[in-house]
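*Asks:* Handing you this structure, nothing more for now.
2 protein chains.
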Amino acid sequence: MNPDAGPDSAPENTSAAEPAESAADATGSRPSGLSRRGLFGLVGAGAAGLVVGGAAGAAAGAAAASASSQRDAIYPFYGARQAGITTPAQDRLHFASYDMAAGAGRDDLIELLQDWTYAAARMTQGLEVTDGGAVGGSPLAPPADTGEALGLPAAGLTITFGFGPTLFSTDDGEDRFGIAAQRPQLLTRLPRFSGDSLRPELGGGDLCIQACADDPQVAVHAIRNLSRIAFGRASIRWSQLGFGRTSSTSTSQLTPRNLFGFKDGTANVKSEDAKLVDDQVFVGSTDSPAWLAGGSYLVTRKIRMIIETWDRTRLEEQERVIGRDKGEGAPLSGGTEFTEPDFEAETGAGTPAIDTDAHVRLAHPTVNKGASLLRRGYNFVDGNDELGRLDAGLFFMSYQRSPEQFIGIQRSLAADALNEYIKHVGSAIFAIPPGAREGSYVGAPLLA
Amino acid sequence: MNPDAGPDSAPENTSAAEPAESAADATGSRPSGLSRRGLFGLVGAGAAGLVVGGAAGAAAGAAAASASSQRDAIYPFYGARQAGITTPAQDRLHFASYDMAAGAGRDDLIELLQDWTYAAARMTQGLEVTDGGAVGGSPLAPPADTGEALGLPAAGLTITFGFGPTLFSTDDGEDRFGIAAQRPQLLTRLPRFSGDSLRPELGGGDLCIQACADDPQVAVHAIRNLSRIAFGRASIRWSQLGFGRTSSTSTSQLTPRNLFGFKDGTANVKSEDAKLVDDQVFVGSTDSPAWLAGGSYLVTRKIRMIIETWDRTRLEEQERVIGRDKGEGAPLSGGTEFTEPDFEAETGAGTPAIDTDAHVRLAHPTVNKGASLLRRGYNFVDGNDELGRLDAGLFFMSYQRSPEQFIGIQRSLAADALNEYIKHVGSAIFAIPPGAREGSYVGAPLLA
């Protein structure tokens with residue numbers, strides 16, 4: 001990794017690396033431990049005067065970085081771009097949106113991002129969070145790491161941080177962190193879309209963390225420990241667990257199925273297409289603002305599926321709505337899964353083979369001024385509602401160079417035949433800063 | 001498998017089998033398709049006169065039973081005992097409790113269990129649900145299978161059915177299904193325990209289904225399709241997703257960690273100990289009632305962990321509360337993880353090495369008249385609460401020959417030091433009938 005490489009030319013941190021000692025070295029450069037506030041999060045408001053440090057209990061963490069299997073990739077944390085964007089989509093998600101505490105200021109934000117950087121750099125390498133002292137810590141202090149991932153491999157964990165519009169100034173215009181002038185012009189609450197049924201408590205947020213891994217316990221462990229470290233400075237506003245990825249971000253991955261039973265994300269931006277990735281996913285070095293070069297924009301939409309209605313729809317109607325066949329995933333204009341849809345094709349009867357309001361047509365770059373999205377969504381089931389129906393759907397996430405890509409496509413989808421079967425209930429947008437260089441922290445180009 | 005073998009001598013269906021044609025044959029014996037009511041569930045109340053069957057679309061399911069890897073076991077569905085009890089605990093859970101519809105009668109219950117048996121026997125073999133016609137069904141009908149598991153292997157899926165106390169008669173004494181006289185005497189709502197904080201909507205139920213798999217999408221697919229088939233006859237009362245097993249049920253499995261960060265279930269009943277399994281887990285042939293021989297009792301407890309408080313407790317206190325060390329899982333009386341705890345051991349100061357109110361002491365068979373449980377719990381995170389804290393904990397499940405085993409142990413735990421950090425919010429109990437023989441259905445000994 002060359003920390004001086006420009007954001008446009010440097011690849012994202014997606015190559016699998018060994019869990020070697022060098023990983024531990026890499027995490028030790030700037031933040032050699034948590035800040036006093038981060039340590040405070042570990043003990044809470046009620047505790048004081050604890051002895052922190054000491055050698056006892058060091059054995060506790062010995063198993064942390066052991067036992068790797070084929071799916072147990074370890075991705076570098078530091079780099080020109082944050083990991084977790086073009087990284088081959090892992091199987092599981094824990095996503096959390098945070099609000100800064102009332103009264104927190106610029107220094108608190110910087111310190112929090114430094115602490116988060118320190119802890120994320122360790123956890124993504126399969127290492128325990130420490131307080132800067134011995135692994136395992138003192139028996140007289142609360143453990144710095146909550147422990148449920150002890151003995152588990154890194155499981156491909158990536159931790160990706162983002163900044164919401166309200167971080168730059170509140171709706172009242174208050175510039176809490178002295179960064180209002182740095183707000184990307186396009187980073188504003190998304191416009192209202194046709195059919196939106198948004199619940200404020202399921203959207204928005206000052207900050208976000210996306211934790212993806214091939215083991216849900218590893219993703220949950222990451223969000224839990226980062227939330228704990230944030231104690232007194234930021235707390236979770238909303239969160240989401242996802243159990244099955246609904247997109248491939250690499251040509252090496254099989255296309256998964258969403259809860260409508262269809263293959264999803266066949267035409268997704270893939271990391272191997274470097275030109276498309278540079279063009280559509282990452283903010284360029286000549287884009288504005290400069291601090292966001294090498295970063296991206298993330299849109300999240302919690303989309304509840306009305307699966308009972310869908311399940312009672314006949315197969316040919318399901319396929320008409322999507323514009324693909326259900327078994328193979330081929331466009332209804334013919335071919336196989338990866339055949340480009342032919343929107344001019346007609347059936348014998350002279351009607352379009354792919355309906356005018358089919359999802360695949362309205363989401364396609366050809367009807368959206370060439371815009372595409374790198375999708376990274378997950379299936380979710382949040383229990384059931386009072387009528388005994390599964391509360392299930394798609395937690396949609398897309399990364400794009402500009403929010404206008406998402407907005408344009410979402411407006412096209414106003415006519416989508418699929419709308420009868422879905423309801424958007426949560427919405428958020430975040431600016432995703434570039435990756436941190438070793439010795440620095442995520443967000444430094446904005447705040448340093 | 002010998003369907004005539006007695007329930008005491010026959011092993012549970014836990015040997016991994018090939019996804020061979022014989023599996024498909026096995027599922028075709030009695031229920032060669034869904035009942036008319038089961039088919040009705042596939043189309044819903046609004047649809048009528050659909051053409052069901054036909055050859056088109058048969059290709060859709062072709063990939064279903066392909067692609068097996070090392071962890072992709074396939075367990076037989078039919079057998080003297082239900083699978084999913086001593087089966088090596090899979091990584092993921094989707095559990096659902098159902099209430100029968102108002103007005104449903106004995107014939108509805110029988111038909112539902114026959115439909116569920118038919119569909120479960122297929123899904124556990126990695127096969128699609130069909131309506132009895134061609135795989136994939138007609139384009140003019142809703143697909144019989146919802147499709148999100150197409151192309152996925154069986155992933156070790158087991159589906160385990162149970163009967164709640166209210167199935168045998170309501171609290172008002174109404175004998176809806178003509179089985180009140182068959183109610184196991186011990187199958188009654190659990191007594192109130194010290195510290196219970198139960199919410200009725202998170203417990204109870206006429207019927208339950210436990211779906212365990214190594215892929216959450218496979219477990220979710222099973223519950224979703226069985227719920228759909230139940231349409232008009234039964235609906236979900238409550239449900240629970242679990243993302244990480246917290247017990248081993250086989251000596252071949254590593255001990256996992258719960259969200260307190262401790263290894264859990266070290267002393268669990270393991271399937272390899274046939275004598276203990278027969279003695280403690282399964283109802284014997286001389287027990288009462290006779291129809292339950294080869295079955296078991298399942299207790300579920302949704303236990304919310306107060307993880308923020310726990311996380312601020314110092315390491316030595318955490319270890320004192322559990323009675324084991326956090327890193328290795330060894331009892332505080334010394335040794336390694338699998339060393340038996342020595343409750344007589346004292347520290348130099350003359351105090352017990354394992355505290356008198358340590359969890360490991362109070363849960364141990366030696367203080368519970370030799371009773372043990374086969375635990376099969378899962379970690380859960382159900383998002384976060386309004387204070388920004390993770391809504392997380394343990395979905396405890398235990399199988400035992402008699403509910404009195406659980407009741408006795410839970411009463412011992414009234415003094416458990418761990419109680420300061422947990423809250424029981426959901427509770428249910430179910431009689432688990434023996435396995436179904438090929439050509440029959442789950443529950444036939446009770447209802448046939």
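Chains as they are written, first to last, in the UniProt record's numbering: chain W, 1 to 448; chain H, 1 to 448. C-beta: ideal position from N, C-alpha, C; glycine also.
Could I get the ranges of all uninterrupted beta strand (DSSP E) runs contained in the segment 294–368 of chain H, with 3 residues as the minimum, in chain order?
*Replies:* Counting whole runs of 3 or more residues, the segment 294–368 of chain H contains the beta strand (DSSP E) stretches 296–305.
*Asks:* Tell me whether the beta-carbon of K326/W lies closer than 8 Å to the beta-carbon of G195/H.
*Replies:* It is not a contact, given that the beta carbons lie outside the stated cut-off.
*Asks:* Taking the DSSP output, what are the residues bridged to R245/W?
*Replies:* In the DSSP output, where bridge partners are listed per residue, R245/W has Y378/W.
*Asks:* Counting contacts by CB-CB distance shorter than 8 Å, is A428/H in contact with chain W?
*Replies:* Closer than 8 Å: no.
*Asks:* Is the segment 400–412 of chain H close to the segment 182–201 of chain H, with three or more CB pairs under 8 Å?
*Replies:* Touching, yes, given that three or more Cβ pairs across the two stretches are closer than 8 Å.
*Asks:* Please compile the residues from chain H whose C-beta is within a distance smaller than 9 Å of the C-beta of P216/W.
*Replies:* Neighbours of P216/W on chain H, chain order: D91, R92, P216, F243, G244, N379, V381.
*Asks:* For A219/W, which residues from the same chain have a beta carbon less than 6 Å from its beta carbon, with the 5 sequence-adjacent residues on both sides left out?
*Replies:* Hits under 6 Å: R92, H94, A211, A213.
*Asks:* Opposite A160/H in the DSSP bridges: which residues?
*Replies:* In the sequence under discussion, the amino acid at residue 160/H is Thr, which differs from the Ala named in the question. T160/H pairs with Q210/H.
*Asks:* Mind checking whether R228/H and L42/H have CB atoms under 8 Å apart?
*Replies:* Cβ atoms of R228/H and L42/H: closer than 8 Å.
*Asks:* Where F161/W and I432/W are concerned, what is the direct C-alpha to C-alpha distance, given to the nearest angstrom?
*Replies:* Their backbone Cα atoms lie some 6 Å apart in a straight line.
*Asks:* Counting only the same chain and skipping the five closest in sequence on each side, list residues whose C-beta sits under 6 Å from that of G426/H.
*Replies:* Counting only Cβ-Cβ distances below 6 Å, and skipping sequence neighbours, we find L202, G203, K302.
*Asks:* Taking the C-alpha atoms as reference points, what is the distance between Y297/H and P88/W?
*Replies:* One C-alpha to the other measures close to 43 Å.
*Asks:* Under the rule that 16 or more other beta-carbon atoms within 10 Å means buried, what is Q217/H, buried or exposed?
*Replies:* Result: buried.
*Asks:* Which chain H residues sit within Cβ distance under 9 Å of R257/W?
*Replies:* Here the neighbours are G147, E148, A149, L150, G151, L152, Q217.
*Asks:* Can a CB atom of chain W be found closer than 8 Å to the CB of V425/H?
*Replies:* Answer no: the Cβ-Cβ gap between V425/H and chain W never drops below 8 Å.
*Asks:* Going along chain C in order, which residues have a C-beta closer than 8 Å to the C-beta of P139/H?
*Replies:* Included in the structure are the protein chains W and H, with no chain C among them.
*Asks:* Which bits of chain W does L157/H rub up against, with CB to CB less than 8 Å?
*Replies:* Per Cβ cutoff of 8 Å: no residues; L157/H is ~15 Å from chain W at best.
*Asks:* With distance defined between alpha-carbon atoms, name the residue in P139/H, D115/H, R304/H nearest to V129/H.
*Replies:* With distances taken between Cα atoms, V129/H lies closest to D115/H.
*Asks:* Kindly list, in the order they appear in chain W, the residues whose Cβ is closer than 7 Å to that of S235/H.
*Replies:* Within chain W, the residues near S235/H are G388.
*Asks:* Assess, as a yes-or-no matter, whether the segment 358–371 of chain H is touched by the segment 249–260 of chain H under the definition of 3 or more beta carbon pairs within less than 8 Å.
*Replies:* With the cut-off at 8 Å, the segment 249–260 of chain H and the segment 358–371 of chain H do not touch.
*Asks:* For D273/H, which three-state DSSP category applies?
*Replies:* Reduced to three states, the DSSP call for D273/H is coil.
*Asks:* Could you check whether the Cβ of S239/W sits closer than 8 Å to any Cβ belonging to chain H?
*Replies:* Yes, S239/W counts as interfacial toward chain H.
*Asks:* Decide if P200/H is buried, meaning its Cβ has at least 16 other Cβ atoms within 10 Å, or exposed.
*Replies:* P200/H is exposed by the Cβ-count criterion.
*Asks:* Along the chain, where does the alpha helix (DSSP H) containing G408/H start, and where does it finish?
*Replies:* Start and end: 403–412.
*Asks:* If I measure Cβ to Cβ from F168/H and keep anything under 6 Å in the same chain, skipping five residues before and after, which residues do I get?
*Replies:* Around F168/H: I179, A180, R183.
*Asks:* Do you know how far the Cα of G329/W is from the Cα of T124/W?
*Replies:* Their Cα atoms are separated by approximately 34 Å.
*Asks:* Check whether the Cβ of S285/W lies closer than 8 Å to any Cβ atom in chain H.
*Replies:* Output row for S285/W: interface = no.
*Asks:* Return helix, strand or coil for residue 456/W, following the three-state DSSP convention.
*Replies:* Absent from the structure is residue 456/W, since the part of chain W shown begins at 1 and ends at 448.
*Asks:* Buried or exposed for G105/H, please, with buried defined as at least 16 other CB atoms from any protein chain shown within 10 angstroms of its CB.
*Replies:* With fewer than 16 other Cβ atoms within 10 Å, it is exposed.
*Asks:* So who's on the other strand from D287/W, going by DSSP bridges?
*Replies:* DSSP lists no partner for D287/W.
*Asks:* What did DSSP end up calling D4/W once you bin it into helix, strand or coil?
*Replies:* At D4/W the pLDDT is 38, less than 50, meaning the model places this residue with poor confidence and gives no usable figure here.
*Asks:* Run down chain W in chain order and give the residues with a C-beta less than 8 Å from the C-beta of V129/H.
*Replies:* Per Cβ cutoff of 8 Å: no residues; V129/H is ~11 Å from chain W at best.
*Asks:* State yes or no: is the C-beta of L226/W within less than 8 Å of the C-beta of A119/W?
*Replies:* Their beta carbons are under 8 Å apart, which means L226/W touches A119/W by this criterion.
*Asks:* From what residue to what residue does the beta strand (DSSP E) around R92/H run?
*Replies:* Start and end: 92–100.
*Asks:* Can a CB atom of chain W be found closer than 8 Å to the CB of V360/H?
*Replies:* Judged by the 8 Å Cβ criterion, V360/H is not in contact with chain W.
*Asks:* With DSSP collapsed to three states, give me the class of R228/H.
*Replies:* Of the three classes helix, strand and coil, the one that applies to R228/H here is helix, per DSSP.
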